[in-house]
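What follows is a set of notes on a single structure, which appears directly below.
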Amino acid sequence: MAEKLLIQGNEAIGWGALAADCKAFFGYPITPQNEAIEWFAREFPQRGRVFLQSASECGSINMLHGGAVTGVRAMTSTSGPGWALMQEGMSNLSNAELPCIIVLVQRGWNTTRHAQTDYTSVTQGGGYGGYKTIVLAPKSGQELHDFMQLGFYLADKYRTPVVILSDAILGQMMESVELQTLDFEPLPEKDWAVTGKKDSKDGNRRFSSIAQGMLPTPRHPNLCSFWEDYKNKLDSIKENEVRYETSQLDDAEFILVAFGYVARVCGQALLWARDKGLKVGLIRPITLWPFPSKIFEEKSLTGAKFLVVEDNMGQMIEDVKLSVQGRAEVHLVSSLDRHLPIEEGAIYPEKVLEKLEEII
Amino acid sequence: MEEKWIAGTPKLWRDIPLIIPFCPGCQHGTAIKALCEVIDELGMENNSVLVVGVGCNTMASVLVNVDSVMVAHGRPGDVASAMKRVLGKDTMVITWQGDGDTLAIGCEPTVHAAARSENITTFMVNNANYGTTGGQLAPTSVMGQVTTTSPLGRTPSHGYPIQGSEFLGSLRGVAYSARGAFTSPANYQKTKKYMKRALGKQKDCVGYSFVEILSTCPANWHMSPIESLKWIEEEMIPQFPLGEFKNVDKIE
Amino acid sequence: MAKKGYIKINENRCTGCGFCEMFCKKGCVEMTKRLSVLGLPVPEFTNAEDCIACAMCAWMCPHVAIEVYEYLEAPASA
């Protein structure tokens, strides 16, 4: 059995990256992800890997561009304000089709406390151009560790940036994490990597551009041909990579919907509700994009009601409403339902149960 | 009768289907030609990576036959730093940028790459305005210069130009800093020498190297090509003197 | 005097800036009013006798439109 460590979620990111053979980390300090950048500063150089501290998050994301374009696995981590600065880079990485990972340890708007306020920004593509990136939402230290490996696999498979959406609670909480190395299907060779012509198989130069469609390349002679390819790629991700977890869904009349740490809160509420004889189930989207719309569509046809629980003012609820298309009631438990009406407050299972009983 | 090719299209120049990549009299082509020649003369064709930003300089990513990356406006300094650290000392990483790309939007990457003494080389083509977008005020526009965003001439209220070579030359992490121009065949050769020295610093792993190249922009200066060469000599060089500003073999 | 060399002008690249004429010390290149297929005035290599294949026109040409060749032996007199 693999080694087990009692570590913070932010450190689990590091161990997961190592298991995925990530070669380079670029980052800038920001609360609440500082333990992550400190982990990489401590552990990467001594293993012959690259650690580089940037001068801003604009710097981090562009250093990440530089790392990814050489074909090695590279990553950065940040929190909300840094994520905002990275949006131009996200557009560029998506256009240049460069695989990499961005870990976003969310905080509550501009407090340094926990929340889930960046759902819309990560799932809708916060930059310019209309791109989408795969978003994985772990709920524990173990999943943070494992999703780093899954994330790099998906990034390489589809040549796209992948966002791992953590938050202050997952990042700061210490949990037991098994340092397992996961197996994945073989990946295509990175013959596009820019490393100098000496490594080019056909002797031709490689050219990576953030303006695919503007400067003509053999692959994309114009913008519309690039758009067509890009859309096909997004469709293929939507078709093949939707991931979610369900609990007691078969006979459920009331369905809780939550991602990240809140899904664990809902897990407790679910147990209490079942004890009371309420037919409650849970859907936890793991990929926030692509959103698991189909399961919502199916369940909306059974007459079930939905209660979306998220630690923000209501962001994922819009995706749920889009998926059920008005066929089912959709209710919300938001940051306004925290046990204390301050930034230290959190959504407690009691509150979720209370809301459930209200709806019923 | 036997003959020998002396000069003209460099080996690394790519013949592209676009008709004219630069306006008549724009010396960006001259600068890219010099870059092709220098990389070739150093024998680094297969071990070089060119990182370009956004602006007229972007054309370098199409014209030079080495592995190239086109990145965000102003960000070649960051991208190149990361690439060099991943690829190691055997690969020469070169950034090709304009003056806005280097000293306005790209000031942070440039200054910090220099301060970290990244083992990369930055070539900045300075044409004293934003060429691609139609001739707006740049951080290198000279005092009094009329641009589309300083229609009455650059005044103290617009601020003062940044002397990139002197500024970067003052940083501890910089191994080499120089400024050249192409106002004469002699200057062409001298500037090429600066470019070669800068790349030499990278080859010898000394640290960050920087060369600024003054270039004409007749279309946006509203001058004939010949007049714009004269304008460089009379208006730019007094404010942007040519020469080497730092040249050390070890960063201390 | 024997010819030393000659230049070739690629009119598909030339934009007619006139730097070749300006920097040719021997007066071998002249701008003309003739327009290329691109609609730009082109220079012509008008004085082949005096060309010394110094290559300054090619160095200064921003559009890489000039190739310079040097004769390795004196051409036979016509």
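In order, the protein sequences belong to chains V, H and X.
Position one of the first sequence corresponds to residue 4 (our numbering), numbered consecutively onward.
Position one of the second sequence corresponds to residue 2 (our numbering), numbered consecutively onward.
Position one of the third sequence corresponds to residue 1050 (our numbering), numbered consecutively onward.
A virtual CB, placed ideally from N, CA and C, is assigned to each residue, including glycine.
Name the residues in the region 199 to 218 of chain V whose C-beta lies less than 8 angstroms from a C-beta of chain H; which are they?
Listed by position along the chain: G199, K200, K201, S203, R208, R209, F210, S211, S212, I213, A214, L218.
Starting from the beta carbon of T73/V, find every residue of chain H whose beta carbon is closer than 7 angstroms, and list them in chain order.
Stepping through the first sequence from its first residue, residue 73/V is reached at position 70. Those within 7 angstroms of T73/V in chain H are M84, V87, L88.
If you compare alpha carbons, which of G329/V, T120/V, T184/V is closest to V265/V?
For this step, residue 265/V is matched to residue 262 along the first sequence. Considering only alpha carbons, the answer is T120/V.
Between A1127/X and chain H, is any beta-carbon pair separated by less than 7 angstroms?
The count along the third sequence starts at 1 and reaches residue 1127/X at position 78. For A1127/X, the predicted structure reports a pLDDT of 46, less than 50, and the residue's modelled location is therefore unreliable. The matter cannot be settled from this model.
Would A1127/X be called buried (16 or more neighbouring beta carbons within 10 Å of its own) or exposed?
Position 78 of the third sequence, counted from the first residue, corresponds to residue 1127/X. Legend: pLDDT at A1127/X = 46, less than 50; position of this residue unreliable, no value from coordinates given.
Sorted by chain position, which residues of the same chain lie with C-beta nearer than 6 angstroms to D79/H's C-beta, five sequence neighbours on each side aside?
Walking along the second sequence from the start, residue 79/H turns up at place 78. So the qualifying residues of the chain are P110.
Span separating the alpha-carbon of E361/V from that of L310/V:
Here residue 361/V refers to the residue found at position 358 of the first sequence. Here residue 310/V refers to the residue found at position 307 of the first sequence. Distance between the alpha carbons of E361/V and L310/V is about 11 angstroms.
Starting from W14/H, follow its DSSP beta bridges and name the residues at the other end.
Against the second sequence, residue 14/H aligns to sequence position 13. According to DSSP, W14/H bridges with V65/H.
With P77/H as the anchor, note down where its alpha helix (DSSP H) starts and where it stops.
As a working note, residue 77/H is residue 76 in the second sequence. Its alpha helix (DSSP H) spans residues 77 to 88.
When DSSP labels each residue in this structure, what does T123/V get in the three-state scheme?
Counting from one through the first sequence, the residue named residue 123/V turns up at place 120. It is helical.
Give a yes or no on whether the C-beta atoms belonging to A176/H and G201/H are separated by under 7 angstroms.
Numbered from its first residue, the second sequence carries residue 176/H at position 175. Numbered from its first residue, the second sequence carries residue 201/H at position 200. Not in contact: A176/H and G201/H (Cβ atoms no closer than 7 angstroms).
Beta strand (DSSP E) containing L55/V: first to last residue?
Counted from its first residue, the first sequence places residue 55/V at position 52. It spans 53 to 56 - the beta strand (DSSP E) in which L55/V sits, taken as one unbroken run.
Using a beta-carbon distance below 7 angstroms, is A105/H in contact with chain V?
Numbered from 1 along the second sequence, position 104 holds the residue referred to as residue 105/H. By this cut-off, A105/H is not an interface position.
Are any of the Cβ atoms in chain H nearer than 7 angstroms to that of V333/V?
Taking the first sequence and counting its residues from 1, the one referred to as residue 333/V is at position 330. The beta carbon of V333/V does not come within 7 angstroms of any beta carbon belonging to chain H, so the residue lies off that interface.
Taking the C-alpha atoms as reference points, what is the distance between D278/V and L226/V?
Against the first sequence, residue 278/V aligns to sequence position 275. Against the first sequence, residue 226/V aligns to sequence position 223. In this structure, the CA atom of D278/V is about 57 angstroms from the CA atom of L226/V.
Alpha carbon of P219/H to alpha carbon of L96/V, nearest angstrom:
In the second sequence, the residue the question calls residue 219/H occupies position 218. In the first sequence, the residue the question calls residue 96/V occupies position 93. Answer to the nearest angstrom: the Cα atoms are 35 angstroms apart.
Where the region 1064 to 1085 of chain X meets chain H: residues whose CB sits under 8 angstroms from a CB there:
Residues are counted here when their Cβ sits less than 8 angstroms from a Cβ of chain H; for the region 1064 to 1085 of chain X these are T1064, G1065, C1066, G1067, F1068, M1071, F1072, given in chain order.
Endpoints, the beta strand (DSSP E) within which I137/V is located:
Position 134 of the first sequence holds residue 137/V. Run containing I137/V: 137 to 139, per the beta strand (DSSP E) assignment.
Identity of the residue in H68/V, G280/V, G284/V nearest G269/V by Cα
Counting from 1 along the first sequence, the entry for residue 269/V is found at position 266. It is worth fixing the name first, because residue 269/V is Cys in this sequence and not Gly. The residue from H68/V, G280/V, G284/V with its alpha-carbon nearest to that of C269/V is G284/V.
Does the region 125 to 135 of chain V come close enough to the region 53 to 73 of chain V that 3 or more CB-CB pairs lie under 8 angstroms?
Output reads no: the region 125 to 135 of chain V does not touch the region 53 to 73 of chain V.
Taking the alpha-carbon of L333/V as reference, which of I345/V, Q271/V, E313/V has the nearest alpha-carbon?
The sequence position of residue 333/V within the first sequence is 330, counting from 1. According to the sequence as given, residue 333/V is Val; it is not Leu. Nearest C-alpha to V333/V: E313/V.
Beta-bridge partners of P164/V, as assigned by DSSP
If you number the first sequence from 1, residue 164/V lands on position 161. According to DSSP, which records beta bridges pairwise, P164/V is partnered with C103/V.
Can you check whether the CB of F28/V is closer than 7 angstroms to the CB of M78/V?
Against the first sequence, residue 78/V aligns to sequence position 75. Against the first sequence, residue 28/V aligns to sequence position 25. It is a contact, given that the beta carbons lie within the stated cut-off.
Taking DSSP's pairing of strands, which residues face W6/H in a bridge?
For the purposes of this step, residue 6/H is identified with residue 5 of the second sequence, where counting begins at 1. According to DSSP, W6/H bridges with Y1118/X.
Kindly list the residues whose CB is nearer than 7 angstroms to the CB of L169/H, restricted to its own chain and excluding five residues on each side of it in sequence; keep chain order.
For the purposes of this step, residue 169/H is identified with residue 168 of the second sequence, where counting begins at 1. Closer than 7 angstroms at Cβ, skipping near neighbours: A115, V175, S178, F211.
Mind checking whether T141/H and N120/H have CB atoms under 7 angstroms apart?
As a first step, residue 141/H must be located in the second sequence, where it is residue number 140. As a first step, residue 120/H must be located in the second sequence, where it is residue number 119. Not in contact: T141/H and N120/H (Cβ atoms no closer than 7 angstroms).
For K200/V, the nearest candidate out of S49/H, D16/H, E245/H (CA to CA)
Mapped onto the first sequence, residue 200/V falls at position 197. Nearest option by C-alpha distance: S49/H.
If you measure beta-carbon to beta-carbon, which residues of the region 47 to 67 of chain H are closer than 7 angstroms to chain V?
Residues passing the 7 angstroms Cβ filter: N47, N48, S49, V50, S62, V63, N66, V67.
Taking DSSP as the reference, what is the three-state secondary structure of W42/V?
Residue mapping note: residue 42/V aligns to position 39 of the first sequence, counting from 1. Looking at W42/V - three-state DSSP - the assignment turns out to be helix.
Buried or exposed (CB count within 10 angstroms, at least 16 for buried), V166/V:
Translated into positions along the first sequence, residue 166/V becomes position 163. That one is buried.
List, in order along the chain, the chain H residues whose C-beta lies closer than 7 angstroms to that of F229/V?
Locating residue 229/V in the first sequence gives position 226, counting from the first residue. Under the 7 angstroms cutoff, chain H gives no residues; its nearest Cβ is about 14 angstroms from F229/V.
With DSSP run on the structure shown, which of helix, strand or coil describes K279/V?
Counting from one through the first sequence, the residue named residue 279/V turns up at place 276. When secondary structure is reduced to three states using DSSP, K279/V falls in the coil class, being assigned neither helix nor strand.
Is the number of C-beta pairs between the region 1055 to 1063 of chain X and the region 176 to 195 of chain H that are closer than 8 angstroms three or more?
Not touching, per the Cβ criterion.
Quick check: the Cα distance between N221/H and I227/H, rounded to an integer number of angstroms?
Along the second sequence, read from residue 1 onward, the residue named residue 221/H stands at position 220. Along the second sequence, read from residue 1 onward, the residue named residue 227/H stands at position 226. The C-alpha of N221/H lies about 14 angstroms from the C-alpha of I227/H.
Please name the residue in Y233/V, V75/V, G62/V whose C-alpha comes closest to that of A20/V.
Reading the first sequence from its first residue, position 17 is the one you call residue 20/V. Between A20/V and the set Y233/V, V75/V, G62/V, the nearest pair of CA atoms involves V75/V.
Exposure label - E38/H; buried when at least 16 CB within 10 Å:
Start at 1 with the first residue of the second sequence, and residue 38/H comes out as number 37. With 16 or more other Cβ atoms inside 10 Å of its own Cβ, E38/H counts as buried.
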